[in-house]
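**Student:** In mature numbering (1 follows the signal peptide of the UniProt record, and there is no 0), the protein residues as written are -21 to -1, 1 to 921.
Dropping a structure here in structure tokens format, bear with me for questions.
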């Protein structure tokens, strides 16, 4: 489901993978950060439901998180993927909530982070809502738990089978390396093992499910005695206990569920596979079977994974990516599960390098770790970064945040408050412990090695869905007695007072704006130096220059080399990233409060004293060329870039992706990078935005000491030019054999400062911004064409694009485009119904507080204010403006931006299959472009 996008939150989230561990570097902090205490109540209802309550008053929001202790580990033979299919069935309607009503009520109540997920050992359902809507949320979850079978029918099952098969096409078969990873999983486990299949299963598995199987699965595993619920946030525990008893207390206990007792056969001899896929770069996977979650050596192997591939200071990064430059990227992970875990190493080759070459290099690093063990500094770094990431995960109440973490601990350890023990165990790990774990579990003879190579993939059979049986209405007898009061949705409680953070600003003598928000909830600080120049400031002949410049900032300064920067940041348990978007560039830092001063010094050095070493420029050039090759494998990314090119033209900076083009990457010189930095990275064009556990007084002193001497000229003028869209109505990029088509329907949108912003957001929410929006309900829920189709405005300083986006089955490409154009016309022809307007308006208005859940979120909103010249109290004014949006304002927004005649259709898929379908629509000329969105030389110009 949709949450409000914030300018730079992704920079800090991405930074969680940006640094690792390696010998050498700064001295360790003297005192580790204290573990925060999470006060909770845990009790069990007579029917077996475990209830965990956490009172947290940071925001007027509540996270409701329900875990059922069932996943593929519990699936019957022949029904692989069933647990995941059933997760979808729980959203298909229940006795008192007809199909779609729960989603509409929750979104209209301001719910965010609303979704479900299936892991190998559990299935979760979660929502974050304003605190006065807690009772509504409990009513919804209780009705699903107690009354699904009363209305279960073949129509709902058939629809969700279509949806899940589209999900498989999108996330496995049309995703680079998706089938390679599935083959790895198959090689790790025997066919009869519950972890053998991917969570999603195969097309045959999904279609094999029958109504009787759904009933049996629900009856066996979805009783209250096999579930736990965490309610965390702005609650009164006494009142919440009463509500839980009201909605869940009378539900019948299900049969006792024994935890699976599966013996996983060890891998006694190395297994090897080569799997072709539609990719440009080869990738090597190595996998081992390792101890279950929270068992001896699980944590030790997590530390080993961080040491091997935790980021720029990790062994594999330094050896394969930085020094030898034979790899594009590296990753390692201890994937902890209940029955048996897996340890995975994943390395993507640079162009011109082979899987055999990668494997030899990986083996050398693994052998060194087995034979000599890690250094004390490596282990300390790894532990600190893991600990910082653990604390960061607690910032957010819902989603995969605090509530989910408590449910995770509860399932795997029986103790929702296991955090302190988890961190204590982490802190006790020694280099000898890591060496012993690696020697014990990561031996060559006990592994699977899979090479994913460029080639034509052998996809599993994808048969057409059979017609549903005519007589399969199914047994609709329920489990729980009828309780008439459940038929009526509860009323919302008193509306909580919402006071969104707005920050305090001051200006240094050199013109640098500093924006601060004090948030002592956790001992963490988020900081970013925001530069009001991004891709919109690229020279026309060098698209991607802003991103290239930002990327090189962390690769060396006047006094620190690239490895020293990575080592020092990792040693402090911090994460540092430099990146660039369309409207701005940023150097971002996430740090423990105890090490913020030291990490902030590195951040300032990176931003103010980059050396642009020639060797590092060449390293990053090769990296960006590799990223460009990987981007070409992603149909959705190609569709976005082709849409931008078609909408803005080759003479506009918005007409390219952030990486730019291959000729531009090859043409950029060190002098170009340094010149862009000198021109744009100046105090008058920048803001330092800091949110977290630091006072204004402390921040002001730090800002003066690190940035006070910064000098530079005037901020450069903003002049991106005029869009020159293609004359074609349809643009096609060929992706031969693709099972899906990545679609974009685009038109020129609005700039961020437009007074229409509230009306645009409400209009888009109803049309394509919400899960319950018109286009998603049509193409996903009604027709089964797609896993999901959404729309949105991308706001820039100049008018950005409006885009309708999603992947659809290749055989319904034309039909999908026709439906989307019809839906756009209907938004113009008829005003929103009053109930639809109210729901869309409330979805935007009431969900606002959850956009300020973390320090990164808060900082991103404050940065947005700076970049787009909005007042600091903008978000405090926005609720009233959203509440005042009328149906006529929405209709006027639709007239202006949804005109079907102005929408350019972009389709990335199998040209032979999709062009005939698009020609039948008679939209106009069809233009074929390459994977970078550019016209081949033989075609006429724009």
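The beta carbon of each residue, even a glycine, is placed where N, CA and C say it ideally should be.
Computed from a prediction, not measured in an experiment: that's the story for all the values here.
(1) If you measure between the beta carbons of residue 922 and residue 521, is that distance less than 8 angstroms?
(2) Pull up the CB-CB distance for residue 166 and residue 250, whole angstroms please, since I reckon it's below 8 angstroms.
(3) Quick one: any contact between the region 258 to 274 and the region 417 to 435, if contact means 3 or more CB pairs under 8 angstroms?
(4) Name the one or two DSSP bridge partners that residue 785 has.
(5) From this set, 542, 113, 193, which residue's C-alpha is nearest residue 136's C-alpha?
(6) Just how far apart, CA to CA, sit residue 496 and residue 579?
(7) By alpha-carbon positions, which one of 612, 528, 658 ends up nearest to residue 597?
(8) Under 8 angstroms, do residue 612 and residue 890 count as touching if we go by C-beta distance?
(9) How many Å lie between residue 623 and residue 395 at the Cα?
(10) Measuring only the C-alpha atoms, how far is residue 553 from residue 569?
(11) May I ask you to report which of helix, strand or coil DSSP gives residue 106?
(12) Which whole-angstrom value is the C-beta distance of residue 315 and residue 283, which I expect to be below 8 angstroms?
(13) My guess is that residue 292 and residue 549 are in contact by the Cβ rule of under 8 angstroms, so how many angstroms apart are they, rounded?
(14) Could you check where the alpha helix (DSSP H) with residue 840 kicks off and where it finishes?
(15) Would you tell me roughly how many angstroms separate the C-alpha atoms of residue 404 and residue 320, rounded to the nearest one?
(16) Measure the C-alpha to C-alpha separation of residue 83 and residue 123 and round it to an integer number of angstroms.
(17) Please list the segments of the alpha helix (DSSP H) lying wholly inside the region 85 to 153, counting only runs of 4 or more residues, in order along the chain.
(18) Does the structure place the region 756 to 764 close enough to the region 93 to 110 that three or more beta carbon pairs sit under 8 angstroms?
(19) When you compare only the Cα positions, how much space is there between residue 23 and residue 30?
(20) Please go through the region 790 to 835 and give each complete alpha helix (DSSP H) segment of 4 or more residues, from N-terminal end onward.
(21) Work out the CA separation of residue 233 and residue 721 for me, nearest whole Å.
(22) Please report how far the alpha carbon of residue 828 lies from the alpha carbon of residue 735, in whole angstroms.
(23) By Cβ distance below 7 angstroms, which residues in the same chain neighbour residue 681 in space, the five residues on each side in sequence not counted?
(24) I want to know whether the region 696 to 707 touches the region 599 to 612 - three or more CB-CB distances under 8 angstroms.
(25) If you check the beta carbons only, do residue 731 and residue 847 fall under 8 angstroms apart?
(26) Assign residue 926 to buried or exposed, taking buried as 16 or more other Cβ atoms, counted over all protein chains shown, within 10 Å of its Cβ.
(27) In terms of residue numbering, what span does the alpha helix (DSSP H) encompassing residue 891 cover?
(28) Have a look at 446, 420, 355 and flag the residue whose alpha-carbon is nearest the alpha-carbon of residue 407.
(29) Would you be able to state if there are at least three C-beta pairs under 8 angstroms between the region 767 to 781 and the region 806 to 826?
(30) Which value, in whole angstroms, describes the spacing of the CA atoms of residue 41 and residue 211?
(31) Give the single residue among 879, 215, 518 whose Cα lies nearest to the Cα of residue 698.
(32) Would DSSP call residue 910 helix, strand or coil?
(33) Quick one: what's residue 267 bridged to in DSSP?
(34) Report the three-state DSSP secondary structure of residue 656 (helix, strand or coil).
(35) Take every Cβ of the region 744 to 755, pair it with every Cβ of the region 653 to 667, and state whether three or more of those distances are shorter than 8 angstroms.
(36) Flag this pair as yes or no: are the beta carbons of residue 201 and residue 47 separated by less than 8 angstroms?
**Tutor:** In terms of the structure at hand:
(1) The chain is shown from -21 up to 921; residue 922 falls before or after that span and cannot be answered.
(2) Working through the chain shown from its first residue, we reach residue 166 at position 187. Working through the chain shown from its first residue, we reach residue 250 at position 271. Residue 166 to residue 250, Cβ: 5 angstroms. Contact.
(3) Here the region 258 to 274 lies against the region 417 to 435, with 3 or more beta-carbon pairs under 8 angstroms apart.
(4) Taking the chain shown and counting its residues from 1, one reaches residue 785 at position 806. In DSSP, residue 785 forms a bridge with 722, 768.
(5) Within the chain shown, residue 136 is the residue found at index 157, counting from 1. Among 542, 113, 193, the Cα nearest to that of residue 136 belongs to 193.
(6) Within the chain shown, residue 496 is the residue found at index 517, counting from 1. Within the chain shown, residue 579 is the residue found at index 600, counting from 1. Distance between the alpha carbons of residue 496 and residue 579 is about 16 angstroms.
(7) Translated into positions along the chain shown, residue 597 becomes position 618. Of 612, 528, 658, the residue nearest in Cα terms is 528.
(8) Within the chain shown, residue 612 is the residue found at index 633, counting from 1. Within the chain shown, residue 890 is the residue found at index 911, counting from 1. In this structure, residue 612 keeps its C-beta atom at 8 angstroms or more from the C-beta atom of residue 890.
(9) Counting from 1 along the chain shown, the entry for residue 623 is found at position 644. Counting from 1 along the chain shown, the entry for residue 395 is found at position 416. Looking at the two C-alpha atoms, the distance is approximately 47 angstroms.
(10) Your numbering for residue 553 matches position 574 in the chain shown. Your numbering for residue 569 matches position 590 in the chain shown. Cα-Cα distance, rounded: 6 angstroms.
(11) The residue labelled residue 106 in the question sits at position 127 within the chain shown. When secondary structure is reduced to three states using DSSP, residue 106 falls in the strand class.
(12) Along the chain shown, one-based indexing puts residue 315 at 336. Along the chain shown, one-based indexing puts residue 283 at 304. The pair is not a contact, with the Cβ atoms about 13 angstroms apart (cut-off 8 angstroms).
(13) Working through the chain shown from its first residue, we reach residue 292 at position 313. Working through the chain shown from its first residue, we reach residue 549 at position 570. Their Cβ separation, rounded to whole angstroms, is 5 angstroms, which keeps residue 292 and residue 549 in contact under 8 angstroms.
(14) Locating residue 840 in the chain shown gives position 861, counting from the first residue. From DSSP, the alpha helix (DSSP H) with residue 840 extends over 834 to 846.
(15) Counting from one through the chain shown, the residue named residue 404 turns up at place 425. Counting from one through the chain shown, the residue named residue 320 turns up at place 341. Those two C-alpha atoms are separated by around 18 angstroms.
(16) Along the chain shown, one-based indexing puts residue 83 at 104. Along the chain shown, one-based indexing puts residue 123 at 144. Each residue's Cα considered, the two are about 15 angstroms apart.
(17) List check, alpha helix (DSSP H) in window: 113 to 126, 133 to 147.
(18) With the rule of 3 Cβ pairs closer than 8 angstroms, the region 93 to 110 does not count as touching the region 756 to 764.
(19) What you label residue 23 is simply residue 44 of the chain shown in a count that begins at 1. What you label residue 30 is simply residue 51 of the chain shown in a count that begins at 1. Taking the Cα positions, residue 23 is about 6 angstroms away from residue 30.
(20) If only uninterrupted alpha helix (DSSP H) runs of at least 4 residues are considered, those enclosed by the region 790 to 835 are 792 to 808, 813 to 825.
(21) The residue given as residue 721 occupies position 742 in the chain shown. The residue given as residue 233 occupies position 254 in the chain shown. Rounded to the nearest angstrom, the gap between the Cα atoms of residue 721 and residue 233 is 43 angstroms.
(22) By 1-based counting over the chain shown, the position of residue 828 is 849. By 1-based counting over the chain shown, the position of residue 735 is 756. Inter-residue distance for residue 828 and residue 735 is about 21 angstroms (C-alpha atoms, whole angstroms).
(23) The residue given as residue 681 occupies position 702 in the chain shown. These residues qualify, in order along the chain: 576, 579.
(24) In short, these stretches do not touch, since the Cβ pair count stays below three.
(25) Working through the chain shown from its first residue, we reach residue 731 at position 752. Working through the chain shown from its first residue, we reach residue 847 at position 868. For the 8 angstroms CB-CB criterion, residue 731 and residue 847 form a contact.
(26) Because residue 926 is not part of the residues shown, which for the chain are -21 to 921, the question remains open.
(27) In the chain shown, residue 891 corresponds to position 912, counting from 1. First-last of the alpha helix (DSSP H) with residue 891: 890 to 899.
(28) One-based indexing of the chain shown puts residue 407 at position 428. Looking only at 446, 420, 355, the smallest Cα-Cα distance to residue 407 is reached by 355.
(29) No: the two stretches stay apart, fewer than three of their Cβ pairs being nearer than 8 angstroms.
(30) On the chain shown, position 62 is the one that residue 41 refers to. On the chain shown, position 232 is the one that residue 211 refers to. Rounded to whole angstroms, the separation of the alpha carbons of residue 211 and residue 41 is 6 angstroms.
(31) The residue labelled residue 698 in the question sits at position 719 within the chain shown. For the residues 879, 215, 518, the minimum Cα distance to residue 698 belongs to 518.
(32) Counting from 1 along the chain shown, the entry for residue 910 is found at position 931. Correct three-state label for residue 910: coil.
(33) To locate residue 267, count along the chain shown from 1; it is residue 288. Note: residue 267 is bridge-paired with 322, 426 in the DSSP secondary-structure output.
(34) Counting from one through the chain shown, the residue named residue 656 turns up at place 677. In the structure shown, residue 656 sits in a helix (DSSP, three-state: H, G or I).
(35) Using a Cβ-Cβ distance cut-off of 8 angstroms, the region 744 to 755 and the region 653 to 667 are not in contact, since fewer than three pairs of beta carbons, one from each stretch, lie closer than that value.
(36) Reading the chain shown from its first residue, position 222 is the one you call residue 201. Reading the chain shown from its first residue, position 68 is the one you call residue 47. Against a cut-off of 8 angstroms, the Cβ pair of residue 47 and residue 201 comes out as a contact.
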